[in-house]
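Each residue of the sequence shown is one higher than the one before, starting from 5 at the first, in our numbering. Each residue gets a CB set at the ideal place from its N, CA and C atoms; glycine is no exception. These numbers come from a predicted model, not from an experiment.
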Amino acid sequence: MRLAEVTQLISTDIRRALIGIGVTGLSVARFLQSQGREFDVYDSRDNPPGLDVFKKEFPGVQVHLGALEDGDLCGYSEVILSPGIDPKNSWVQSALQAGVKVFGDIELFAQAVDKPVIAITGSNAKSTVTSLVAEMAKADGFNVGVGGNLGTAALDLLEENVDLYVLELSSFQLELVGSLAPVAACVLNLSADHMDRYASMLEYHAAKQRIYKKAERLIFNREDELTQPLVQDGQTSLSFGLDNPDINDFGLRQLSGETWLVRGHHPLIAADDVALKGSHNHANVLAAMALAEAVGISESAMKKVAREFAGLPHRCQLVSRHMSVQWIDDSKATNVGAVVAALEGLGLGKNIVLIAGGQAKGQKFDELKSLIKAHVKQLVLIGQDADKLASVLQDCAPILFAVSMDVAVQVAAQSSQAGDIVLLSPACASFDMFNGYEHRGNEFARAVEALV
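Below, the structure written as structure tokens:
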């Protein structure tokens with residue numbers, strides 16, 4: 005549906021409420037204003053960040069601050085939730101029971117977009133694969149709008165001259181989507197995350213699987229059964245993985261003594277030529293290639309980016325080689341699955357000093373046991389839930405505690421020797437000690453620099 009067609013559907017008697025002032029809220033407000041749609045704004049915080057900016061940009065909009073109660077939204081026709089707000093809140097449920105339409109910014113985007121969309125989700129590696137696909141498209145001459153849960157909010161991407169949209173989508177964004185119809189969609193992997201929001205893995209799985217609902221091509225990880233879609237009439241599917249693939253799928257093969265990334269029996273690029281190191285990153289490149297192929301991106305563009313793309317900040321990023329030790333910032337690893345991927349990709353016997361800890365988000369850490377036993381020579385724990393990790397992992401590796409990132413880095417330096425890797429891969433959220441995972445990673449890099 006084109007933007008002009010959306011405008012024609014606007015009804016003057018529709019009352020709208022936007023819930024949440026923030027990056028997403030601002031993008032929704034700008035979009036609604038551009039379409040001539042009136043709206044009110046609510047935020048449960050008494051003084052939310054960005055309030056002054058919002059009031060300056062939208063002086064005529066009525067803003068309601070403070071906790072919402074059941075019934076507060078029942079007089080509206082539509083309620084647009086920011087993704088950080090749980091739809092299970094009683095005041096949201098009361099609105100739904102009153103017949104109010106409740107949705108999010110991605111639903112608005114889906115109703116307005118008129119160009120092909122590639123949609124990517126998963127517990128881990130979403131940003132890396134989204135960036136890989138976007139770079140492949142750019143290398144092939146596409147004008148690309150890239151964002152969603154990564155960088156620019158989806159509604160801020162809507163422009164007439166965009167050829168292709170590549171969106172990273174979180175489970176929170178997918179919960180309220182009904183109209184999104186990507187040309188290709190992928191669930192990269194699924195492991196326990198956000199268990200402080202979801203009652204079970206089944207509920208989390210259901211949110212992620214919504215990305216497939218109206219997609220044309222469904223791309224999944226054949227080594228992770230939770231990513232496998234239920235294929236409907238008119239849909240096609242293919243897979244990626246680190247084993248030998250079937251004729252139409254993406255995977256790895258041994259060719260003349262070398263490991264190659266392939267599609268079926270067709271060789272694409274030698275694994276040693278991929279800029280991103282580690283087997284988990286080979287899977288990411290394979291997923292990106294499968295998605296890129298779906299929109300006709302050339303093989304030469306895919307291979308060029310695979311050779312050159314060195315990764316994103318705070319995602320298994322090499323920050324230093326000090327005293328022949330590699331110091332790797334994987335601060336974005338805020339859940340167990342991300343740490344599993346890093347240890348599997350980087351572990352070579354007991355060669356890793358692992359810095360972990362923070363806010364556990366209701367996670368269980370048992371899945372880490374075997375990998376820590378196999379690859380971690382020293383575990384350095386920080387943050388609010390360090391004791392929880394220690395109680396689970398106490399028999400897997402020697403444990404030391406650190407009260408700050410500076411101390412953690414100093415302890416790690418004393419515990420490592422030439423050829424080792426010191427890996428910051430926390431398995432936890434960062435807000436107990438830092439402003440976010442970026443701040444945590446930057447503090448790690450600063451502390452490493454101070455060792456010199």
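Integer-rounded CB distance, given that Gly315 should sit under 8 Å from Leu350: The Cβ separation is near 13 Å, so there is no contact.
Quick one: which unbroken alpha helix (DSSP H) runs of 4-plus residues sit fully inside the segment 81-161? Chain order, please. 94-101, 109-116 and 130-143
DSSP state of Val380, grouped into three classes? strand
Starting from Gly311, follow the beta strand (DSSP E) in both directions and report where the run begins and ends. Sequence check: residue 311 is Arg here, not Gly. First-last for Arg311: Glu303 to Glu312, but that is the alpha helix (DSSP H), not the beta strand (DSSP E).
Opening and closing residue of the beta strand (DSSP E) in which His68 lies: Val67 to Leu69
Does DSSP put His270 in a helix, in a strand, or in coil? strand
Using only the alpha-carbon positions, how far apart do Ser81 and Gly103 sit? 8 Å
Just list the beta strand (DSSP E) runs in the segment 210-251, keeping only unbroken ones of 3 residues or longer that don't cross its boundaries, in chain order. 221-225 and 240-244
Just to check my reading of the structure: Val170 and Thr134 have Cβ atoms closer than 8 Å, yes? What is that Cβ distance to the nearest angstrom? 6 Å
Given that a residue counts as buried once 16 or more other Cβ atoms are within 10 Å of its Cβ, and exposed if not, what is Lys130? buried
Use the C-beta contact count for Gly245: other C-beta atoms within 10 angstroms, 16 or more gives buried, fewer gives exposed. buried
With a threshold of 16 other CB atoms inside 10 Å of the CB of Val460, please say whether the residue is buried or exposed. Summary: the structure shown does not reach residue 460, with the chain confined to residues 5 through 456, and so no result is reported for it.
Looking only at its chain, what residues have a beta carbon closer than 8 Å to the beta carbon of Gln66, apart from the 5 residues adjacent to it on each side? Asp44 and Val45
Using a Cβ-Cβ cut-off of 7 Å (strictly less than) and excluding sequence neighbours within five positions of Leu393, which residues of its own chain qualify? Ala360, Gly361, Phe369 and Leu385
Cα-Cα separation, Asn165 to Asn147: 7 Å
Less than 8 Å between the beta carbons of Ser429 and Asp334, yes or no? yes
Can you check which of these residues, Ala422, Leu178 and Lys307, is closest to Ile356 by C-alpha distance? Ala422
Taking all protein chains shown into account, do 16 or more other C-beta atoms lie within 10 angstroms of the C-beta of Ala451, making it buried, or fewer, making it exposed? buried
Report yes if the C-beta distance between Ala298 and Arg214 is below 8 Å; otherwise report no. no
Please work out which residues of its chain come closer than 7 Å, Cβ to Cβ, to Gly149, disregarding the five sequence neighbours upstream and downstream, and give them in chain order. Leu161, Glu163, Val166 and Tyr169
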